[in-house]
Every structure is written in structure tokens, then in C-alpha cells.
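Read through the structure below, which is laid out as C-alpha cells, and then see the notes.
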Amino acid sequence: MSTPVVFDPSGFELPPAQKRSIRWMIYFGFIILGVGFLNGLGQALNYADIDILKYFPGMSTYYQGLTVHGVFNALVMTFAFTNGFLSLTTARSLNRPLNPFLTHLSLWVIVIGSVMAAGAIATGQASVLYTFYPPLQAHWTFYLGAALVVISTWIVCANLLVTLKGWRRENPGERIPLMAFISICTYVMWVMASVGIATEVVGFLLPWSLGWIEGADPLLSRTLFWFTAHPIVYFWLLPAYVSWYVMVPKQAGGKLFSDTLTRAVFLMFIVLSIPVGFHHQYLDPGISGGYKALHTVLTFGVFFPSLVTAFSVMWALEMGARKRGGKGLVRWLFKLDWKNPSLVAQILAMIAFMLGGITGLINASNTLNRVVHNTAFVPGHFHLTVGTAVTLSFMGIAYWLIPYLTGRKLVAPGIARLQSWLYFIGVLVMARGLISGGMEGMPRRTMLMDSPYKEMIPSWDLAGLLTGIGGAIMFLGAVGFYGVLVGTALFGKKEVTVPDLPFTETISAPTKTVWGIRMDQFRYWVTVTIILVLIAYGPFLVQYLPPKLTSPGLQIF
Amino acid sequence: MNNVEKMEKAWLTLSGIMLLVFLIALLYASVGLGITLPGPAGEIVPAEVRTTPPFDNPGVREIAPGRYEAVVISQAWVFQPSEMRFPVGAEVTFRTTSVDVVHGFEIEGTTVNAMVLPGQITEVTYTFAEPGEHLLICHEYCGRLHHTMFGRIIVE
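Protein chains in written order, with the numbering used here: chain A, 1 to 557; chain B, 558 to 713.
Given below as C-alpha cells:
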């Protein structure tokens, strides 16, 4: 019944040089995340009227720290981790080495790009936050650095596709192994999605910051930005989904129910992730209601594959728990393997994601958006999603991935379990603060501590206090993670046989029907996506263009 | 296993129905209750805002009995005018644009919430049914002193 398409006992190992490159890609992501965490603590405490940012070396404003927090955590860390993780899953699943040149190149490009952008931010020349809306104008090295960070993901995508091509040549007529398929789907979606931000940065902002063009177009820039910056959340999320679908069931002692449904979910993400960006611009002038309504409908559509995921993953968890003697409608939850730190982190991440999904639907509702847009509600929402569902999953994955990549045994599993709980409880407290504050009009990304109007709304005080307390607990959880990570990498016991990736078995195998084979042909899905994107964005762009380059750059930060 | 397939089908169907119900609720709220979003309300050249009507004369005007127009210039880091007074029951149309960077226009305690972009005019209408004071907050990061950009709306 089970199929070798996911469950792969071959024990294939990457060449040591490629494994090392992937290891450093992951390390780099976690180093960046550490800097981001430090700043996050500063921001959270600021909500509770405690200023520690003034002790940070070289930090001149709150917004400079906020730029570090957003750019490092949401852009660089996620990209670096995903580059490494999905390169590994693809290669291991296809039993083939990657292209060595592209593997090393992607690491160098993301490091150089990050250093450039970080230099601009550190010197106070790019306090533009991770949305960098013009006419606020950063130093050109910020835009070029950001572009290189994105280009490194394109290099990884090319690498995965080259590897897949080689595999197809040697396995004609075979279905792509599931783990590789969903990993590659993630990159195919993202590369199409990143066309918007690439156009914005390379076509407009970079030449504008160099003085080659006079002005920027704020509305067009926002539109191109959100063309990419909604689907980016799926580029953050889907690597966690890869783990939840094809690794977590194995760790929990269960199996994946349906191969076909899993593929369908990832294909839905390719098709539906992109044409939804206007739901971030509901309150923008200059875009008419019809376009916004279309994007609302599609946004609710892209929620569907996540609901499917909830079923598949919960079913696999329940199966594992029942095998371990779990009973009852929900009591089986207690019989899950709560001793396995990798599993604990990811189950808690999933619970946070349920709340993240619900708050996301609130944001996406055009009517409710008028209440919560740009308030603290929004960071309350996305610290549950990218801040926890994704980040805590990455930490959980690291608990088997770092031992796999270093050949060392995980140290202090007790601390590893505890840190997940701390992080999870912390985010619940913090999100409670931010969400309630947001519903009372508390603005997001505003240095409320020094704000002259903060005192006028007493109900914000509790919201701010909870945000500070929750953020501090999250930070403690993060410290625990770094203790385990560094301890394992440096002092973990060398193992003779290193455990393989946790490969899940599927119950229903992939079919070789016409439609089954077509599922694996990306060109069909790419075509459908392009058509849908043209419908969702084409009429607006035709009506709006040419760009109105009337805004000169300002460095008022 | 057939049991699983049945449960899965039921789950997917319920999921689909749930999303559909949400969309119908949104449609009703948008069309039936008339909850609308800001949309195209004219374009403007940022450098010429102060010489282009109505922004050459910012302030509050009564345009018909009980109906007001409030013309506001958003700039780093003030709203001009920064204090506006309306009688209870006033239906106010706010017209604003930015002369420099992107700003936000949120009136705390109401559903007035919009973005202010250089080059675009933002228009929002709201009826102040009860007396009281509201903060007008710039909720989009607009530079070093963003957190000091606010105004007051007094309904009396």
C-alpha cells in the first residue's frame, strides 16, 4: 500500500561540499534571525514604555531597529532557510546531487546582498522599513542588496529545475517524488510572484536612488510591491507546509493520506497566491472597488488549500496518536509524542497558525479591513503566522536538520522542548496585546512610547503591556533555541550513523493517469497562473499606465 | 479508508461552504449596508498641491445643511488643519493628499481609515452621530517623527 514515492529508504547523501554549503545557508539564516530577535525584543518592550533600543550600538532611531527587524527576519532569514532546506529536500527526494556551481553561488549572492542592505541600514541610510514605500528613499546599496537577496532565490529555483531535468531524463514517464514536487512548486510560485518587486526595485527604485530618474510613482510602486508581498507569505509558509505534509506525520507516527491531494494543494498555491495583492491596498486611493472585490474573492479562494492542509495534517497526527494508544474525540492529542522537540515545536506552530488564519480572514475582509488596517492588529496577526507558524516550524525542523547536516546529536532536548512552549505562550500573550490594541485604533510601526497622543487613549496601556510581556517571553524562548543550536553545532556528540530525513509514507500512491502526469507538468499551471494574473492586474495597469514619476526622493528618517 | 475519504469529502465541502458564506456576508455588507472602500478620487501633482483647489484653501466648509467638506493637507509630520470641529450629526467628506511621502489617515473610534499617497486624492465620508473627541492618527510610517503626526476631531 505504501509507496516509495515519498518514503525513500535509499539513504542517498549529498556530496560533502554541497551539504556544507546548505549548512552554511541555514546557519546564515539563523544568525540573521538572531539579530532580528534582538531588535524584536526592543520593539516589543517599547510598547510597554521600556526603551532598550538606546543601548544598541549604532542605533539612532526606533525605525532603524524596526527596519532591521523586518528586513532580517521576514526577508533574509526566511529566504536563507528555505534556500537551504528545500534544496536539501529536493536533492534527497530525487536522489541526485544539485548543481554545485549554483549551490555555492546562491549562498554567496544572499550573503553579499544581505551585507550590502545591512550596511545601508546600519549607517542610518535606509530606515525605510521592510515595505520601503517611496518617496522615502534609501541609499542605492539597500535596493541593490535587496535585489541580490531575491536573486539568490532565483538561483536556487534554477538549481532545483536543472536537478529535476536531470532526474526526468533518467526516469522518463515517472511521477516526480512528492517531496521534491512540493519543494519545487514552492519556488515556481515564488519566482513568478517576485516579478513585481523585481520590477519595482530594478526598474524604478534603484535608478531613482542613483539619480537616473527624477521621481517615483507611489501608487504604482505599492501595487508592484504587493503583487509580490502577498504571495511572499506563501513563500514563507510553504516550506513549513512541506515539513507538515511529508515529515511531521512520520515524526508523529502517522502517514500522509493522499498524494494527489497534497500535490493539488501546492498547485492551488501556485495558481492562487499571486492575484490577491489588492487586499493589502483596500484603503488606497486610485484603485476602484471592482478590482478590490475581485481580489477579495480570490483571497478567500487561496484560503481553501490551507483548510485542506488542516485536514490532512490533523488526520496524520491523529493516526499517530491513536497508534500510541490515544482515545476519545480530542483526548488523543495528549498521546502525541510530546517528548520529541521537533514535533512539539511544529504542533505548537500549527496551533498558532489556526489563530493566524482566522485573523488573516479578518484582514482580507474588505469591510472589516477598515477597522484594522495599519493598526497593531496586523502585526498581531502576522506574528502568529510568519512569526510563529513559520519561524517556530523552522526551529522545529532545525532540531533534526542541524544534527543531519553536522553529524552531531542534538544537545539538551529538554531545553529544546521548553523553548518552543515559551515562544508559543509568548506569542499568544503578545498577539492578544497587539490585536486588542489594534481594534482600539493603536497604530502599527509607530514609536508609541514617544508619541504625544498615546496618553489620550488609556485603553492602549494594557495592550502595550501585554505586547511587551509577550515579546519578552518569546525572546526567552528564542534564547533557548540558540543555546541548543550553538551547543549542538559545536559540542554535540559525533554520531556514527546519522539519521536520515524523516520521510513520511503515503497511503494512496500517485496515479499514472493522464491527469496524474499532467499535474507534474509545471507549464500548464504556470500558464493558468499567468492568465489569472493578467485578469486580476491587467485592466488596472492598462488603465493606470504610464507611470507618474512625480515624487522626488526624501530622506527624512 | 473509505471512511477517511468520506470525512475528507465532508471537510472539503464544509470548507467550501464556509468560505462562500463569508463572501456572501461581505457582499451583503458592501452592497446592502453600503460599507465602501476609498477609490479613485482624482490625481494631483505633489509639488502643486498648495496651488491646486481645493487644497489651496485647507479647512472645514459647510457645503449643504448638515454636510461638510474637510480639506486636509497631509505632510511630514502634521495634518493641516490639525484640529477640526463638527456639530453632532454632521456628514463629513474628508479630502486629503500628501505633499511629500505616504501617510495614513485614521480617525480613532470611527471607521475612517485610509491611505494618503502623493499624487492621489483620498476621499472618505463619515457621519459623526455622537459628541466626543477623536484622534486623527497618521498610521503609516513617514519618517523620523512619524509618531508625532496627529490631529484632533471634536464633535460637539
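Cβ atoms here follow ideal geometry from the backbone N, Cα and C, with glycine treated the same way.
Predicted model only: the values in this text are computed from it and were never measured.
For this session: Measure from the C-beta of I384/A to each C-beta in chain B and report whether the shortest distance is under 8 Å.
Result: Just to set this straight, residue 384/A is Leu in the shown sequence, not Ile. At a cut-off of 8 Å between beta-carbon atoms, L384/A makes no contact with chain B.
Problem set entry | Interface positions of the region 273-296 of chain A facing chain B (Cβ-Cβ less than 8 Å), listed along the chain | Result list: Q281, Y282, L283, D284, P285, G286, I287, S288, G289, K292, A293 and T296.
Problem set entry | Span separating the alpha-carbon of K493/A from that of R408/A | Cα-Cα distance, rounded: 5 Å.
Problem set entry | Close Cβ partners of V128/A (< 8 Å) along its chain, the five nearest in sequence each way excluded | Cβ neighbours of V128/A beyond the five flanking positions: T67, L136, Q137, A138, F142 and F557.
Exercise. Relative to the alpha-carbon of N366/A, which residue among A352/A, W332/A and H295/A has its alpha-carbon at the smallest distance?
Worked result: H295/A is the residue among A352/A, W332/A and H295/A whose C-alpha sits nearest the C-alpha of N366/A.
Problem set entry | Minimum Cβ-Cβ distance from P675/B to chain A less than 8 Å | P675/B counts as touching chain A.
Exercise. Quick one: what's V246/A bridged to in DSSP?
Worked result: Paired residues: none, contrary to the question.
Exercise. Could you check where the beta strand (DSSP E) with M672/B kicks off and where it finishes?
Worked result: M672/B: member of the beta strand (DSSP E) spanning N670 to V673, first to last residue.
Problem set entry | M1/A classed as buried or exposed, judged by whether at least 16 other C-beta atoms fall within 10 angstroms | Confidence at M1/A is low in this model, with a pLDDT of 34, below 50, so the placement of that residue should be treated as unreliable; the coordinate-derived value is given next. M1/A should be labelled exposed.
Exercise. In chain A, which residues lie with their C-beta within 8 Å of the C-beta of V635/B?
Worked result: For V635/B, none of the residues of chain A pass the 8 Å Cβ criterion, the least Cβ distance being about 12 Å.
Problem set entry | Among G84/A, M179/A and I213/A, the one whose alpha carbon lies nearest that of G29/A | Shortest Cα-Cα distance from G29/A to any of G84/A, M179/A and I213/A involves G84/A.
Problem set entry | Pairwise C-alpha distance: T103/A and Q637/B | Using only the alpha carbons, I get a separation of about 55 Å.
Exercise. Which residue's Cα is closest to the Cα of T228/A: G215/A, V195/A, S114/A and L361/A?
Worked result: With distances taken between Cα atoms, T228/A lies closest to V195/A.
Problem set entry | Rounded straight-line distance, which links the Cα of Y241/A to that of G441/A | The C-alpha of G441/A lies about 33 Å from the C-alpha of Y241/A.
Problem set entry | Proximal residues of chain B, C-beta to C-beta of W208/A below 9 Å | Chain B residues near W208/A: none, gap ~14 Å exceeds 9 Å.
Exercise. For K494/A, which beta-bridge partners are listed by DSSP?
Worked result: Answer is R408/A, bridged to K494/A.
Exercise. At a CB-CB cut-off below 7 Å, which residues of chain A make contact with T668/B?
Worked result: R370 and V371, listed in chain order.
Exercise. Since V564/A contacts W338/A with CB under 8 Å, what's their CB separation in whole angstroms?
Worked result: No answer is possible for residue 564/A: it lies beyond the span of chain A, which begins at 1 and ends at 557.
Problem set entry | Backbone CA spacing between P552/A and A310/A [nearest angstrom] | Straight-line measurement puts the Cα of A310/A at about 47 Å from the Cα of P552/A.
Problem set entry | Distance CB(T163/A)-CB(L238/A) smaller than 8 Å | The criterion of a C-beta distance shorter than 8 Å is not satisfied by T163/A and L238/A.
Problem set entry | Listed by chain order, chain A residues near P698/B by CB distance under 7 Å | Note on identity: in this sequence residue 698/B is Tyr, with Pro being the wrong assignment. Per Cβ cutoff of 7 Å: Y63, L129 and R445.
Exercise. If you measure beta-carbon to beta-carbon, which residues of the region 597-625 of chain B are closer than 8 Å to chain A?
Worked result: Listed by position, the residues of the region 597-625 of chain B near chain A (Cβ gap below 8 Å) are P597, A598, E600, V602, P603 and A604.
Exercise. Would you report the Cα separation of L549/A and G34/A, rounded to the nearest angstrom?
Worked result: Going by C-alpha positions, L549/A is about 38 Å away from G34/A.
Exercise. What is the DSSP secondary structure of L554/A, counted as helix, strand or coil?
Worked result: The answer is strand: DSSP assigns L554/A an E or B state.
For this session: In angstroms with no decimal places, state the Cα-to-Cα distance between A582/B and V635/B.
Result: Straight-line spacing of the CA atoms in A582/B and V635/B works out to 38 Å.
Exercise. What are the boundary residues of the alpha helix (DSSP H) that includes T153/A?
Worked result: It spans W140 to E170 - the alpha helix (DSSP H) in which T153/A sits, taken as one unbroken run.
Problem set entry | CB contact below 8 Å: S639/B versus chain A | Among the residues facing chain A, S639/B is not included, as its CB has no counterpart in that chain under 8 Å away.
Exercise. CB-CB under 8 Å to M354/A, same chain, minus the five flanking residues each way: which ones, in chain order?
Worked result: Within the same chain, M354/A has close Cβ partners A310.
Problem set entry | G437/A to K512/A span [Cα, whole Å] | A direct Cα-Cα distance of roughly 53 Å separates G437/A from K512/A.
Exercise. Taking C-alpha atoms, which residue in T78/A, Q18/A and V71/A lies nearest to L105/A?
Worked result: Distances from the alpha-carbon of L105/A to those of T78/A, Q18/A and V71/A put Q18/A closest.
For this session: Answer with yes or no whether the minimum CB distance from H704/B to chain A is below 8 Å.
Result: Yes - at least one Cβ of chain A is within 8 Å of the one on H704/B.
Problem set entry | Three-state class that DSSP yields for I678/B in the structure shown | If DSSP states are grouped into helix, strand and coil, I678/B belongs with coil.
Exercise. Between A120/A and F382/A, what straight-line distance do the alpha-carbon atoms span, to the nearest angstrom?
Worked result: Going by the C-alpha atoms only, they are around 26 Å apart.
Exercise. Does DSSP put H691/B in a helix, in a strand, or in coil?
Worked result: In the structure shown, H691/B sits in a strand (DSSP, three-state: E or B).
Exercise. Would G689/B count as contacting chain A if we go by Cβ distances under 8 Å?
Worked result: For G689/B, the answer is no, since every Cβ of chain A falls outside 8 Å of its Cβ.
For this session: Residues of the region 250-269 of chain A with a CB closer than 8 Å to any CB of chain B: list them in chain order, please.
Result: For the region 250-269 of chain A, which is checked against every Cβ of chain B, the residues closer than 8 Å are F257, S258 and L261.
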